[in-house]
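Engineer: Read left to right, the sequence shown gives residues 1 to 512 (UniProt numbering).
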Amino acid sequence: MNHGGNVIEAQVHQQLYAFLKHQGEAHWPHHLTIARLVARALRLERSALLQVSPLAAYQGRYRLSYLASLLFSPQSAVVVAPLPILQQILLVEMQRFRTWTQTHKPLYRAQDWPGPSAGGILLLSPQEWLADLQAAVPRFPSDWPLILDGADQIETWTRQALTRRLTGQDWQQLLWAFPGKTAAIRDIQVALTHHIFQHPPNPYQAVVLDGAKQSLLRQLQLQLQPMMDQSPLPWRRFWEDLADQNHHGWVEINREQGQFTLYLAPTAVWPQAAALLQHRTAVLLGSSFGEADDALRFRQEMNLEDVTYVRFAAERQGEEIQLFLPDRIPMPNTAQFQSALLHQVQRFLLKDLAFSAQEDPNPLVLIVDDTPMKAQVASQLAASLGSRVVMETTPVPPHGLLICGWEFWLSHHQVLPWPRCFMVATLPIPSPEQPRVAARIAYYKLQRLDWFRLYLLPHTIQTLQRAIAPVRNRENGRVIIFDNRLLHRSYGQQILAALSPYARVESPDLSY
1 MNHGGNVIEA QVHQQLYAFL KHQGEAHWPH HLTIARLVAR ALRLERSALL
51 QVSPLAAYQG RYRLSYLASL LFSPQSAVVV APLPILQQIL LVEMQRFRTW
101 TQTHKPLYRA QDWPGPSAGG ILLLSPQEWL ADLQAAVPRF PSDWPLILDG
151 ADQIETWTRQ ALTRRLTGQD WQQLLWAFPG KTAAIRDIQV ALTHHIFQHP
201 PNPYQAVVLD GAKQSLLRQL QLQLQPMMDQ SPLPWRRFWE DLADQNHHGW
251 VEINREQGQF TLYLAPTAVW PQAAALLQHR TAVLLGSSFG EADDALRFRQ
301 EMNLEDVTYV RFAAERQGEE IQLFLPDRIP MPNTAQFQSA LLHQVQRFLL
351 KDLAFSAQED PNPLVLIVDD TPMKAQVASQ LAASLGSRVV METTPVPPHG
401 LLICGWEFWL SHHQVLPWPR CFMVATLPIP SPEQPRVAAR IAYYKLQRLD
451 WFRLYLLPHT IQTLQRAIAP VRNRENGRVI IFDNRLLHRS YGQQILAALS
501 PYARVESPDL SY
C-alpha cells in the first residue's frame, strides 16, 4: 500500500531534523537516514535489516529515528524490544518527541492492549511477543508491521521461549493428575534423583540430561501411556521435545535443598526464528551479527537475503579503542595462568593509581568468568586494595574495581559508569565443561557440523562486541585482553577484526 509516495519520508526527515536541532542533540550522522529507511519500509511494506555499530546500539542512537517514522506513518505497528528499552521509549524518547511534534498516535504496553480494533503502536518485550505467538489464541495482531530492536538476539530469545522446564511443583502436578500411578511416579523420581545427585559438584551446579536420565523419563512416559491425555501441559510438551533430536537437555541442581530442575531446549532454532517474520513487514535493527561484516549468515538463516540491508559502520574517530594484548602470558588452560593474570592486573593497578585514578572516579572492570578463579582473584586483590574491590555488586565505589562475569556485566553495564579500563581475563568462548554448552556441542557433533564456527565463535564475537561498547564512549577507551589465544590461535584474527575500530598499543596509555 503506497501512502502518499515519499511524502511521509520527507515529513519524518523534516520533523526529526527540526527536533534534533531544537534539542541540541549530539550529532550522529545516521539519524535521518535510518528514519527515512524505516518510513520507506513501512510505506512500501518491504522488510529491511539495518545494522548499526555496537556503540550506537549501546547508546540507542537509532531509536529516535524509527520512533519518528512510526509516529508519522499512517499504519499501526508492533515494536519488540527488551524491557529496559521499552521503558526508555515510553518514559523518555516518546515523551519528548510526541510533546514537541504534537502527534497523538496511541501507545500501548501488553497489559494495556484493548484489542484488535485499536490502532497505534504496541510495545512488547521479546518474552511477551514470543509467548503470544505460541498461545492457543494469540491476542496481538500478527499482520501489523514489526520493528525488532535488538534483532541480533533473536536466536537467543527464540531458544529461551521454546525451552521446556520441569520443577518440583511439576512432579506434584503429575501426581495429582495420575492418583492411581503414585508409586510408579515416585519410583522414577527417586531413581532420577539418585542419578542426578551422584554426579560430583561442579561450579555450574548443573549436569547434562544424558541418555540414562532421558531413559528414566521415557519409562515414566510409557507407564502413563494409556492415559497420556491426562498429563499436565508442561509434561506433555517436555515429552514431545524429548522425542525430537533437535533438542539438548540439562539439569540444574540445588544440593542444599535436594531439588533439581529439568530443561530441554531446541538446538537449531533458525527455522522457528525465521518463521516469526513470515507474511509480515519487519524492520530489524541490531549490531552484533557474528563474524561477517555483512551479517551474511544471519540473513541466510532468517531468509532475509533479498530484503533491504544497510550497514552503518563504526566511526573510527569517535569509536576507536586502545587495545593492549600483553604477550608471553600462559594460556588460560594452564595452571600458571591465574598467578600470571593476578601479577599483570596488580602491576596495571599500581600504574593506574599513579596516573589516572585521582582525576577519574569511574571504575575499572575486570571480567573473570571462571567461578572459582573469580572469587580467588577478587579475594587476593581486595587484600591489597580493600573496599575499592567489589565482586558482582552495584554500585561500584568511586575509583573502584568491579570484578564480574560476562553475564553480570552485560545485564548491568547500562546503569554503570563507563569504565576507565576494561580488562578481560579470558575470551567469552563457552566452556564445553558447562553442561548446557556440552549438550549443544554434542548435537552439532551428531549432525557432523562445525560446532566451533556455528556456535562458539559467533557467541564469542557477539559477547565481546556488546561488552566493550561502553568503553567506546570514552576518548581513548582502554581494553586489555590477557587471553593469548587472540595472538596464537587461527580464530584470533577473526575476533580482532570484529573488534574494529581499535588501535593496538604496546602498553595502555595511563597518562591522560
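Think of the CB as a built atom: it goes at the ideal place given N, C-alpha and C, for glycine as much as any other residue.
1. So, A161 versus A183, is the Cβ gap smaller than 8 Å?
2. Do you know how far the Cα of I461 is from the Cα of A498?
3. Starting from T261, follow its DSSP beta bridges and name the residues at the other end.
4. Taking all protein chains shown into account, decide if R139 is buried (16 or more other Cβ within 10 angstroms of its Cβ) or exposed.
5. According to DSSP, P266 sits in a beta bridge with which residue or residues?
6. Compare the beta carbon distance of L402 and P361 with 8 Å and say whether it is the shorter of the two.
7. In chain order, what residues of the same chain have a beta carbon less than 7 Å from the beta carbon of P330, not counting five sequence neighbours either side?
8. If you draw a straight line from the alpha carbon of V38 to that of T156, how long is it in whole angstroms?
9. Could you tell me the alpha carbon to alpha carbon distance between Y512 and Q376, rounded to whole angstroms?
10. Taking the beta carbon of S507 as the centre, do at least 16 other beta carbons fall within 10 Å, making it buried, or is it exposed?
11. Give me the residue from L446, T261, Q494 and Q257 with the minimum Cα distance to F238.
12. Rounded to whole angstroms, what is the Cα-Cα separation between A314 and R186?
13. Determine the DSSP secondary structure at I147, reduced to helix, strand or coil.
14. Could you tell me if the beta carbon of P501 falls within a distance shorter than 7 Å of some heavy atom in the ligand MN?
15. Starting from L296, follow the alpha helix (DSSP H) in both directions and report where the run begins and ends.
16. Helix, strand or coil for A314? Go by DSSP, reduced to three states.
17. Tell me where the alpha helix (DSSP H) around F19 begins and ends.
18. Buried or exposed: which applies to H413, given that a residue is buried once 16 or more other Cβ atoms fall within 10 Å of its Cβ?
19. Helix, strand or coil for G180, going by three-state DSSP, please let me know.
20. Kindly provide the ranges of any alpha helix (DSSP H) runs that are 4 or more residues long and lie completely inside the segment 87 to 114, ordered along the chain.
21. What does the alpha-carbon distance come out to for the pair L496 and Q219?
22. What's the gap between the Cα of V307 and the Cα of Q102?
23. Which residues in the same chain as R236 place their Cβ atom closer than 8 Å to its Cβ, once the five residues preceding and following it in sequence are excluded?
24. Restricting to runs no shorter than 3 residues, where is the beta strand (DSSP E) found entirely within the UniProt domain "ATP-dependent helicase C-terminal" (420 to 501)?
25. Output yes or no for whether 8 Å exceeds the beta carbon distance between L16 and S65.
26. What residues are listed by DSSP as bridge partners for A282?
27. Compute the Euclidean distance between the alpha carbons of L166 and Q153, then round it to the nearest angstrom.
28. Grouping DSSP H, G and I as helix and E and B as strand, with all else coil, what is P508?
29. Helix, strand or coil for residue 514? Go by DSSP, reduced to three states.
30. Write down the C-beta distance between I367 and G405 rounded to the nearest angstrom, noting that I regard them as a contact closer than 8 Å.
31. Hey, out of L71, F289, E319 and Q317, whose CA is closest to V310's CA?
Structural biologist: Reading from the atomic positions:
1. Here the question's residue 161 lines up with position 161 in the sequence shown. Here the question's residue 183 lines up with position 183 in the sequence shown. With respect to A183, A161 sits apart: the two C-beta atoms are not nearer than 8 Å.
2. As a first step, residue 498 is located in the sequence shown; it is residue number 498 there, counting from the start. As a first step, residue 461 is located in the sequence shown; it is residue number 461 there, counting from the start. Cα to Cα, the separation comes out at about 7 Å.
3. Within the sequence shown, the letter at position 261 stands for residue 261. Beta-bridge pairing links T261 to E252.
4. Here residue 139 is taken as the residue at index 139 of the sequence shown, counted from 1. The residue is exposed, with fewer than 16 neighbouring Cβ atoms inside 10 Å.
5. Numbered from 1 along the sequence shown, position 266 holds the residue referred to as residue 266. Answer is H247, bridged to P266.
6. If you number the sequence shown from 1, residue 402 lands on position 402. If you number the sequence shown from 1, residue 361 lands on position 361. No, the pair does not count as a contact, with Cβ atoms beyond the cut-off.
7. Taking the first residue of the sequence shown as 1, we reach residue 330 at position 330. The residues are Q336, F337 and A340.
8. On the sequence shown, position 38 is the one that residue 38 refers to. On the sequence shown, position 156 is the one that residue 156 refers to. C-alpha separation (whole angstroms): 25 Å.
9. Numbered from 1 along the sequence shown, position 512 holds the residue referred to as residue 512. Numbered from 1 along the sequence shown, position 376 holds the residue referred to as residue 376. Here the model assigns Y512 a pLDDT of 45, short of 50, so the residue's position is not dependable, and the following value carries that caveat. Rounded to the nearest angstrom, the two C-alpha atoms are 31 Å apart.
10. For this step, residue 507 is matched to residue 507 along the sequence shown. By the 10 Å Cβ count, S507 comes out exposed.
11. Counted from its first residue, the sequence shown places residue 238 at position 238. The shortest Cα separation from F238 among L446, T261, Q494 and Q257 belongs to T261.
12. Within the sequence shown, numbered from 1, the residue matching residue 314 stands at position 314. Within the sequence shown, numbered from 1, the residue matching residue 186 stands at position 186. The straight-line gap from Cα to Cα measures roughly 58 Å.
13. Your numbering for residue 147 matches position 147 in the sequence shown. Here I147 sits in strand by DSSP.
14. Absence of the ligand MN from the depicted structure is noted, as is the absence of any ligand whatsoever, leaving it without description.
15. The sequence position of residue 296 within the sequence shown is 296, counting from 1. Per DSSP, L296 belongs to the alpha helix (DSSP H) from L296 to E301.
16. Within the sequence shown, the letter at position 314 stands for residue 314. If DSSP states are grouped into helix, strand and coil, A314 belongs with coil.
17. Translated into positions along the sequence shown, residue 19 becomes position 19. V7 to Q23 is the span of the alpha helix (DSSP H), which, as asked, contains F19.
18. Against the sequence shown, residue 413 aligns to sequence position 413. The residue in question, H413, is buried, as its Cβ has 16 or more Cβ neighbours within 10 Å.
19. Counted from its first residue, the sequence shown places residue 180 at position 180. Helix, per DSSP.
20. 94 to 101
21. What you label residue 496 is simply residue 496 of the sequence shown in a count that begins at 1. What you label residue 219 is simply residue 219 of the sequence shown in a count that begins at 1. Roughly 49 Å separates the two Cα atoms.
22. What you label residue 307 is simply residue 307 of the sequence shown in a count that begins at 1. What you label residue 102 is simply residue 102 of the sequence shown in a count that begins at 1. A direct Cα-to-Cα measurement between V307 and Q102 gives close to 33 Å.
23. Position 236 of the sequence shown, counted from the first residue, corresponds to residue 236. Once the five neighbours on either side are set aside, the close Cβ partners of R236 are M228.
24. 421 to 424 and 477 to 481
25. On the sequence shown, position 16 is the one that residue 16 refers to. On the sequence shown, position 65 is the one that residue 65 refers to. In this structure, L16 sits near S65, with a CB-CB distance shorter than 8 Å.
26. On the sequence shown, position 282 is the one that residue 282 refers to. A282 pairs with L146.
27. Locating residue 166 in the sequence shown gives position 166, where the first residue counts as 1. Locating residue 153 in the sequence shown gives position 153, where the first residue counts as 1. So the two alpha carbons sit approximately 25 Å from each other.
28. Numbered from its first residue, the sequence shown carries residue 508 at position 508. Three-state DSSP puts P508 in coil, outside helix and strand.
29. Only positions 1 to 512 of the chain appear in this structure, which leaves residue 514 out of reach.
30. The sequence position of residue 367 within the sequence shown is 367, counting from 1. The sequence position of residue 405 within the sequence shown is 405, counting from 1. Right, the Cβ-Cβ distance comes to about 7 Å (below 8 Å), so this counts as a contact.
31. The residue labelled residue 310 in the question sits at position 310 within the sequence shown. Minimum Cα distance to V310 is reached at F289.
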